[in-house]
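Residue numbers 3 to 140, in the working numbering, belong to the letters of the sequence shown in order. Every residue, glycine too, gets a C-beta built ideally from N, C-alpha and C. Computed from a predicted structure; not experimentally measured. Structure record follows, encoded as structure tokens.
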Amino acid sequence: MDGLTVKYNQLTAEEFILLWESVWDGAPSLEQTKLAMKNTLFRVSVFHGDKIVGMARMIGDMGLNYYIKDVVVRPEYQRMGIGKMLINELMKFVAENGVKGTDIFVELCAVPDKIPFYEKLGFSANEAQRLKMMYHID
Ligand SMILES: CC(C)(COP(=O)(O)OP(=O)(O)OC[C@H]1O[C@@H](n2cnc3c(N)ncnc32)[C@H](O)[C@@H]1OP(=O)(O)O)[C@@H](O)C(=O)NCCC(=O)NCCS
Numbered sequence: 003m004d005g006l007t008v009k010y011n012q013l014t015a016e017e018f019i020l021l022w023e024s025v026w027d028g029a030p031s032l033e034q035t036k037l038a039m040k041n042t043l044f045r046v047s048v049f050h051g052d053k054i055v056g057m058a059r060m061i062g063d064m065g066l067n068y069y070i071k072d073v074v075v076r077p078e079y080q081r082m083g084i085g086k087m088l089i090n091e092l093m094k095f096v097a098e099n100g101v102k103g104t105d106i107f108v109e110l111c112a113v114p115d116k117i118p119f120y121e122k123l124g125f126s127a128n129e130a131q132r133l134k135m136m137y138h139i140d
């Protein structure tokens with residue numbers, strides 16, 4: 003698609019919440035999101051003109067583990083190749099920063115209907131199940 007701009011490490015908490023709300027309910031708080039943006043290894047955002055249309059981020063330890071989080075393309079921009087572009091940018095970050103000559107574990111968690119999207123990009127599902135807890139901080 004023409005007219006797209008890719009930005010690196012500029013994704014703001016406000017933009018993150020805006021995109022989140024375009025696809026999911028229950029966006030996180032601004033305070034939590036600001037901290038998350040600050041502590042993310044690498045953030046990618048895609049703009050169409052002035053409008054943010056896609057985001058993705060990589061968290062991890064730069065050595066053994068890289069974890070892909072929050073891959074979102076605004077609904078009216080889906081199936082145009084933007085998701086693939088986001089993942090490719092994240093993988094480029096791994097290639098440029100990972101320890102040379104080693105194998106690096108790149109992980110993510112996907113809902114079942116998004117698994118084919120990731121499989122097309124080289125990821126494969128295994129038998130591991132995601133365990134989670136929403137832990138309330140008083
Ligand atoms: C998942 C998501 C990021 C995909 O982004 P996208 O921009 O629509 O994906 P692309 O257009 O780059 O698709 C790349 C390829 O995957 C395919 N694809 C995309 N979504 C797919 C799906 N749900 N099922 C099967 N194939 C899919 C495309 O057809 C394309 O195939 P091709 O290369 O053979 O043409 C987007 O649907 C989204 O933001 N969904 C809501 C948020 C979400 O669920 N994020 C993922 C969290 S696990």
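M39 sits away from V46, with the two beta carbons spaced by 8 Å or more.
Between E109 and N67, the C-beta gap is smaller than 8 Å, which places the two residues in contact. Distances taken from the Cβ of F119 to the heavy atoms of ligand 1 include one shorter than 7 Å. Taken through DSSP and simplified to helix, strand or coil, K134 comes out as coil. Minimum Cα-Cα distance from F107 among the listed residues L13, E16, G51 and M64 corresponds to M64.
Secondary structure at S126: coil, using DSSP grouped into helix, strand and coil.
Between the alpha carbons of Y79 and W26 lies a distance of about 16 Å. Less than 8 Å separates the beta-carbon of V55 from that of I84.
Sequence-distant Cβ neighbours of I61 in its own chain, meaning closer than 7 Å and more than five residues away, are T42, L43, Y69 and K71. Per DSSP, the beta bridge partners of E109 are Y69.
About 6 Å separates the beta carbons of V48 and L6, which is inside the 8 Å limit, making them a contact pair. In the DSSP annotation of this structure, the continuous segment of the alpha helix (DSSP H) that includes M93 starts and ends at I84 to N99. Taken through DSSP and simplified to helix, strand or coil, K36 comes out as helix.
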